[in-house]
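Colleague:
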Amino acid sequence: MSTFASDAVVKVRGLSKRFGELEVLRGIDMDVNRGEVVVIFGRSGSGKSTLLRCVNFLEDPTEGTIEVAGIKLAGGHRTKHQREEIRKIRTHCGMVFQQFNLFPHMTVIDNVTEAPVRVKGRQAAEAMATGMELLNKVGLAEKAHEYPIRLSGGQQQRVAIARALAMEPDVMLFDEPTSALDPELIGEVLTVMKSLATELHMTMMIVTHEMGFAREVANRMCFFHEGIILEEGPPDQMFGNTRFPETKKFLEAVL
Amino acid sequence: MLASWTFALGGVHALLTMLEDVMAGGSAWPVWAYGIVAALSLAGTYLLHRADRWAYFAAVVAAAVAGFAVFPLLVGGFAIFAVVELAFLGLGYRGAGTHEAVQLASAHVPWGVKLLVVYAAIAIALGRVFLALDFDLEWIGDNAVRIVTRGLPLTLWISVLAIALAIVMALLGALARLSKNPVSFGVAGFYTSFFRGTPLLVQIFLIYFGVAEVGVRMRGTSLEGLGEILQLGTVAAAVLAIGLNYGAYMTEIFRAGIQSVGHGQAEAADALGMTYGQKMRRVVLPQAVRVIIPPTGNEFIAMTKDSSLAFTIGALEVFRRADLAGREDFRSLEAFILAAGVYWIFTGVLTFFQARLERKMGRGYTRGVATKAPAKAAA
Chain A
1461 MSTFASDAVV
1471 KVRGLSKRFG
1481 ELEVLRGIDM
1491 DVNRGEVVVI
1501 FGRSGSGKST
1511 LLRCVNFLED
1521 PTEGTIEVAG
1531 IKLAGGHRTK
1541 HQREEIRKIR
1551 THCGMVFQQF
1561 NLFPHMTVID
1571 NVTEAPVRVK
1581 GRQAAEAMAT
1591 GMELLNKVGL
1601 AEKAHEYPIR
1611 LSGGQQQRVA
1621 IARALAMEPD
1631 VMLFDEPTSA
1641 LDPELIGEVL
1651 TVMKSLATEL
1661 HMTMMIVTHE
1671 MGFAREVANR
1681 MCFFHEGIIL
1691 EEGPPDQMFG
1701 NTRFPETKKF
1711 LEAVL
Chain B
349 MLASWTFALG
359 GVHALLTMLE
369 DVMAGGSAWP
379 VWAYGIVAAL
389 SLAGTYLLHR
399 ADRWAYFAAV
409 VAAAVAGFAV
419 FPLLVGGFAI
429 FAVVELAFLG
439 LGYRGAGTHE
449 AVQLASAHVP
459 WGVKLLVVYA
469 AIAIALGRVF
479 LALDFDLEWI
489 GDNAVRIVTR
499 GLPLTLWISV
509 LAIALAIVMA
519 LLGALARLSK
529 NPVSFGVAGF
539 YTSFFRGTPL
549 LVQIFLIYFG
559 VAEVGVRMRG
569 TSLEGLGEIL
579 QLGTVAAAVL
589 AIGLNYGAYM
599 TEIFRAGIQS
609 VGHGQAEAAD
619 ALGMTYGQKM
629 RRVVLPQAVR
639 VIIPPTGNEF
649 IAMTKDSSLA
659 FTIGALEVFR
669 RADLAGREDF
679 RSLEAFILAA
689 GVYWIFTGVL
699 TFFQARLERK
709 MGRGYTRGVA
719 TKAPAKAAA
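Sequence order for the protein chains is A and B. Counting the first sequence from 1 gives a position; the numbering used here is that position plus 1460. Counting the second sequence from 1 gives a position; the numbering used here is that position plus 348.
1) Given a threshold of 16 other Cβ atoms within 10 Å of its Cβ, counted over all protein chains shown, does residue 618(B) qualify as buried or as exposed?
2) Thinking C-beta only, is residue 1641(A) closer than 7 angstroms to residue 1608(A)?
3) If you reduce the DSSP assignment to three classes, tell me which class residue 1477(A) lands in.
4) Rounded to whole angstroms, what is the Cα-Cα separation between residue 1558(A) and residue 1635(A)?
5) Does any residue of chain B have a CB that is nearer than 7 angstroms to the CB of residue 1680(A)?
6) Less than 6 angstroms between C-beta atoms, sequence neighbours within five positions excluded: which residues of the same chain meet that for residue 1704(A)?
7) May I ask you to verify whether the stretch 487-506 of chain B touches the stretch 563-579 of chain B, counting CB pairs closer than 8 angstroms and requiring at least 3?
8) Report the three-state DSSP secondary structure of residue 1496(A) (helix, strand or coil).
9) Select from 1504(A), 1594(A), 1527(A) the residue whose C-alpha is nearest the C-alpha of residue 1514(A).
10) How many Å lie between residue 664(B) and residue 542(B) at the Cα?
11) Any chance you could list the alpha helix (DSSP H) runs of at least 4 consecutive residues sitting entirely within the stretch 1520-1600 of chain A, in chain order?
12) Should residue 700(B) go down as buried or exposed, given a rule of 16 or more other Cβ atoms within 10 Å for buried?
13) Mapping DSSP to helix, strand and coil, what is residue 1710(A)?
14) Pull up the DSSP beta-bridge partners for residue 1631(A), would you.
15) Excluding the five sequence neighbours on either side, which residues of its own chain have a C-beta within less than 8 angstroms of the C-beta of residue 1545(A), listed in chain order?
16) Mind listing the chain B neighbours of residue 1563(A)? Cutoff is C-beta to C-beta under 9 angstroms, in chain order.
17) Taking only beta carbons into account, state which residues of the stretch 1620-1641 of chain A come closer than 7 angstroms to chain B, listed in chain order.
18) Does any residue of chain B bring its CB to less than 7 angstroms from the CB of residue 1518(A)?
19) Could you tell me which whole alpha helix (DSSP H) segments of length 4 or greater appear in the stretch 589-676 of chain B?
20) Against residue 622(B), what residues of chain A qualify as contacts under a CB-to-CB distance less than 9 angstroms, listed in chain order?
21) Less than 7 angstroms separating the beta-carbons of residue 1522(A) and residue 1484(A)?
22) Measuring alpha carbon to alpha carbon, tell me which residue in 559(B), 674(B), 544(B) is nearest residue 579(B).
23) Using only alpha-carbon positions, find the residue among 645(B), 536(B), 552(B) that is nearest to residue 599(B).
24) Contact defined as beta carbons within less than 8 angstroms: I believe residue 666(B) pairs with residue 549(B). What is the distance between those atoms, to the nearest angstrom?
25) Less than 8 angstroms between the CB atoms is what I'm expecting for residue 1517(A) and residue 1550(A), so what's the real figure, rounded?
26) Could you tell me whether any Cβ in chain B is nearer than 7 angstroms to the Cβ of residue 1588(A)?
27) According to DSSP, is residue 498(B) helix, strand or coil?
28) CA-CA distance, residue 655(B) and residue 507(B)?
29) Is the CB-CB distance between residue 658(B) and residue 586(B) below 7 angstroms?
30) Starting from the C-beta of residue 496(B), find all residues in its chain whose C-beta is less than 8 angstroms away, skip the five residues before and the five after it, and write them out in chain order.
31) Classify residue 675(B) as buried or exposed, calling it buried when 16 or more other Cβ atoms lie within 10 Å of its own Cβ.
32) Which bits of chain A does residue 607(B) rub up against, with CB to CB less than 7 angstroms?
33) Name, please, each residue of chain A whose Cβ falls closer than 8 angstroms to the Cβ of residue 626(B).
34) DSSP three-state label for residue 1685(A), please.
35) To the nearest angstrom, report how far apart residue 473(B) and residue 1605(A) are at their CA atoms.
36) Could you compute how far the alpha carbon of residue 1631(A) sits from the alpha carbon of residue 1492(A)?
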């Protein structure tokens, strides 16, 4: 397991997830430290996305516990108090979806300021200033008053990143952020993600098939195989000398 | 097409003229003549669709001659058409007189102009029926203001209160039908099943007479106060019945509208830490409303018309007042036409506003229109 457990932003312990008969996660333990970039990769159906979705409780864990920013929760029946705790955990996690999921009835800047104002109770003017700053950061300040439909996929995904950042999260969860994009639009999104790592030292959990990006940005890579973390280590280990034939086989297939 | 329409109009014209003649006390003998003209028109329409140049021209001339022989006034349409065609042929315009040529010429006339012509023709035909039937327009004029000013406010009042109740019921019903809570799910299921499964008229009677009967039985008991409240007025009973009935139908509209919002939207709201209320109010419902508005507008229009059912329990709305006024003066036909006209015009106004609202709700869903930046953002 990870060696820096004391400073972990996200602690996953004994996490299992079943959808009926299907066992998607089979006992995951994982710590993600502040400022660490973890890339999660593996075959489709290996449980990568499910792990990410369990971290902010979009999926309810079948077994095990999740701890984010000091709030620790298990899966199962929800009391009102537990639901409130889940909501708190979510305010500490910024999530970026494969399909962007921007709110189509709001302008770009409203998408970014909505949650800070409604959920965190920020003043509108303050949220607006921060929002414009973030849009500037992702290179879309001049699109602030457009509706999402007028933006390309890459631009929408950059707005989605700004929207997640606006909540000042402790960890960013990226669920295949470039999988729905045309090839020529992937670069702009990866560039923004890279700047989060290098400039903001943002803690990130990234599910992606972009191995070039992973090699460049990841501190640690986790290979998911049939619901467990089969192998993890720094990119050098993954690309240099993998310990398992499955990892090697997968990397050869995607590289 | 233009040619065949000329013929078809000739046929309609012949029939209307016949009606006018008969209503004006004319003898019955011309009836067969009109019949022949109408038949010729239809035959002409058929011929036009298959004719080569000369057969077509023969058809035009034959119809014109036949029509003229029977009744000079009837041939106006044909005659003008024949003259125009002859002029073209005389000028040596190649292709004049063929169906194809007319179609090509027709393609130059804007669609809107053609539509206007159609509306004008319908208006003229209806106007002629009105005149032929010798409506008492004076009676309509005298009573319209009274019936509209006294009846329409009540019709409106019932409709607006009922739609307000229906929207509240539909929203609650839809959220309940989508919830996992067995109590709200079950209660909403019972509500929609009952109010969709029984006739509105029965519900109006149940709520007006039935509930009052329950109130009567409470007399002399400790619930006497409640019993008095249950003696509902006609308006209250109508609003309750119509509102609950339409609310049950609209529950399904609202449910479908909410479900039409992509699952990703709710997840994005959840992931941002929004509460259930925030998620619904700020993210899901605003998007569902866009889908809900067109069918809800239809329901409101239907409801406005169904508010006339309140006449059965004695509410003096538009239909009831028109009915009473018509009976008084033996002008029932005029009265019902007046009532129909009032509903028609009113629902027309509603349709207009519904269309505007729909356009407004479409923002963010069309790429073509650039968004205007607020002034403060311009700098």
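All C-beta atoms, glycine included, are put in the ideal place defined by N, C-alpha and C. Note that the structure is predicted; figures quoted are calculated from it, not measured.
Modeller: Reading from the atomic positions:
1) Residue 618(B) comes out buried.
2) no
3) strand
4) 6 angstroms
5) no
6) Closer than 6 angstroms at Cβ, skipping near neighbours: 1690, 1691.
7) no
8) Residue state, collapsed to three classes: coil.
9) 1527(A)
10) The alpha-carbon atoms of residue 664(B) and residue 542(B) are separated by roughly 28 angstroms.
11) 1540-1552, 1568-1578, 1584-1597
12) exposed
13) The answer is helix: DSSP assigns residue 1710(A) an H, G or I state.
14) 1553(A)
15) Non-local C-beta neighbours of residue 1545(A) in its own chain, meaning closer than 8 angstroms and more than five positions away in sequence, comprise 1531, 1533, ordered along the chain.
16) 613, 616, 617, 630, 631, 634, 635, 712
17) From the stretch 1620-1641 of chain A, only 1627 have a Cβ closer than 7 angstroms to chain B.
18) yes
19) Within the stretch 589-676 of chain B, the complete alpha helix (DSSP H) runs of at least 4 residues are 611-619, 633-654, 666-676.
20) 1547, 1550, 1574, 1575, 1578, 1579
21) no
22) 559(B)
23) 536(B)
24) At roughly 18 angstroms, the Cβ-Cβ gap does not stay under 8 angstroms, so residue 666(B) and residue 549(B) are not in contact.
25) That pair is a contact at about 7 angstroms.
26) Chain B contact via Cβ: absent.
27) helix
28) 6 angstroms
29) yes
30) 666, 690
31) Only exposed fits residue 675(B), as fewer than 16 other CB atoms lie within 10 angstroms of its CB.
32) Chain A residues near residue 607(B): none, gap ~16 angstroms exceeds 7 angstroms.
33) 1578, 1579
34) Strand at residue 1685(A).
35) In this structure, the alpha-carbon of residue 473(B) lies about 52 angstroms from that of residue 1605(A).
36) 9 angstroms
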